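>
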Amino acid sequence: MNNLAYNKFGGLMAILAGIAGFLYSLSFIIVARSSPQLGGTLSALFLLAGGLLSSAALIALYKQLEATDAAFALWALVLGVVSALGAAVHGGYDLANALNPPATNVPSLADLPNQVDPRGLLTFAAAGLGVLVFSWLIARSKTMPQNFVYLGYLLGVLLIIIYLGRLIILDATSLVIVIPALLTGFIINPLWYLWLGVQLRRQSSL
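In our numbering, the protein residues as written are 139 to 344.
#1: Going by Cα to Cα distance, which pick from 284, 229, 200, 179 is closest to residue 219?
#2: Considering only residues of the same chain and omitting the five flanking positions on each side of residue 275, which have a CB-CB separation below 7 Å?
#3: From residue 272 to residue 288, what distance separates their C-alpha atoms?
#4: In or out: residue 318 buried (at least 16 other Cβ within 10 Å) or exposed?
#5: Can you tell me the Cβ-Cβ gap for residue 324 and residue 160, rounded? I've got them flagged as a contact below 8 Å.
#6: Between residue 280 and residue 306, what straight-line distance do the alpha-carbon atoms span, to the nearest angstrom?
#7: Quick check on the DSSP output: the alpha helix (DSSP H) that includes residue 207 runs from which residue to which?
#8: Using a 10 Å radius around the Cβ and a threshold of 16 neighbouring Cβ atoms, would you call residue 304 buried or exposed?
#9: For a test of the three-state rule: what should DSSP assign to residue 236, helix, strand or coil?
#10: Nearest by alpha-carbon distance to residue 255: which of 227, 235, 282, 239 is it?
#11: Please determine whether the Cβ atom of residue 273 lies at a distance below 6 Å from any heavy atom of the ligand HEM.
#12: Going by C-alpha to C-alpha distance, which of 263, 257, 232, 233 sits closest to residue 221?
Okay, here's the thing in structure tokens:
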């Protein structure tokens with residue numbers, strides 16, 4: 139009964155995480171073009187919110203898969219939650235600077251990686267690996283649709299590609315970064331969380 143109640147809660151958090159992820163991309167890419175300050179503030183807020191919301195959703199997914207392989211499910215959960223908290227801290231850092239800019243501007247530090255989440259190590263790389271492991275476990279458990287498994291594999295690979303692109307290429311206009319980032323931010327990541335939310339809430343009503 140407790141798992142059913144948390145499934146319902148986790149499903150709602152997953153749906154909200156999907157919405158927050160889409161709004162993050164919208165703010166970071168679209169809003170920031172016309173209003174950099176507003177776009178920066180909103181994207182930081184949605185990154186923070188998305189990280190916290192997704193952590194609750196991933197715990198519900200872990201409980202679903204724990205019986206399939208407890209050790210691998212725990213590894214996927216650790217990767218996912220560390221990624222979610224890393225994204226939340228990254229968003230919180232950006233939000234703090236957007237709302238109260240530092241008194242001194244140091245241009246030489248502007249391009250340095252975030253110390254908690256350098257080039258998206260947690261937000262993209264750890265998240266991608268976690269989603270890949272979760273998807274593999276879902277395929278083994280057969281508790282969710284096979285197409286959801288394929289979507290998870292695609293999301294995991296794209297997240298890792300984005301991290302490697304940000305780490306190696308650095309040029310934000312490179313198609314190697316732009317295409318995976320647009321696909322992931324506007325479609326694949328929100329869809330994965332929305333679908334996860336629907337699955338969790340459906341199972342809570344069984």
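Where a beta carbon is used, it is the ideal one built from N, C-alpha and C, also for glycine.
Only a predicted model underlies this, so the values are computations on that prediction, with no experimental measurement involved.
Looking at the atomic coordinates:
#1: What you label residue 219 is simply residue 81 of the sequence shown in a count that begins at 1. Across the set 284, 229, 200, 179, the C-alpha of 200 shows the shortest separation from the C-alpha of residue 219.
#2: Taking the sequence shown and counting its residues from 1, one reaches residue 275 at position 137. Within the same chain, 203, 206, 207, 210, 211, 214 come within 7 Å of residue 275 by CB-CB distance, once the 5 residues on both sides are set aside.
#3: Here residue 272 is taken as the residue at index 134 of the sequence shown, counted from 1. Here residue 288 is taken as the residue at index 150 of the sequence shown, counted from 1. Take the alpha-carbon of residue 272 and the one of residue 288: they are about 11 Å apart.
#4: As a working note, residue 318 is residue 180 in the sequence shown. With 16 or more neighbouring CB atoms inside 10 Å of its own CB, residue 318 falls in the buried class.
#5: Here residue 324 is taken as the residue at index 186 of the sequence shown, counted from 1. Here residue 160 is taken as the residue at index 22 of the sequence shown, counted from 1. Yes, residue 324 and residue 160 are in contact; Cβ-Cβ is about 7 Å, under 8 Å.
#6: Mapped onto the sequence shown, residue 280 falls at position 142. Mapped onto the sequence shown, residue 306 falls at position 168. Cα to Cα, the separation comes out at about 37 Å.
#7: What you label residue 207 is simply residue 69 of the sequence shown in a count that begins at 1. Element bounds for residue 207: n/a, residue is neither H nor E.
#8: Numbered from 1 along the sequence shown, position 166 holds the residue referred to as residue 304. Sixteen is the threshold: when 16 or more other Cβ atoms of the shown chains lie within 10 Å of the Cβ of residue 304, as they do, the residue is buried.
#9: Within the sequence shown, numbered from 1, the residue matching residue 236 stands at position 98. DSSP places residue 236 in helix when its eight states are reduced to three.
#10: The residue given as residue 255 occupies position 117 in the sequence shown. The shortest Cα separation from residue 255 among 227, 235, 282, 239 belongs to 227.
#11: By its list of ligands, the structure shown contains no ligand whatsoever, and the ligand HEM lies outside what it can speak to.
#12: In the sequence shown, the residue the question calls residue 221 occupies position 83. Nearest of 263, 257, 232, 233 to residue 221, Cα basis: 263.
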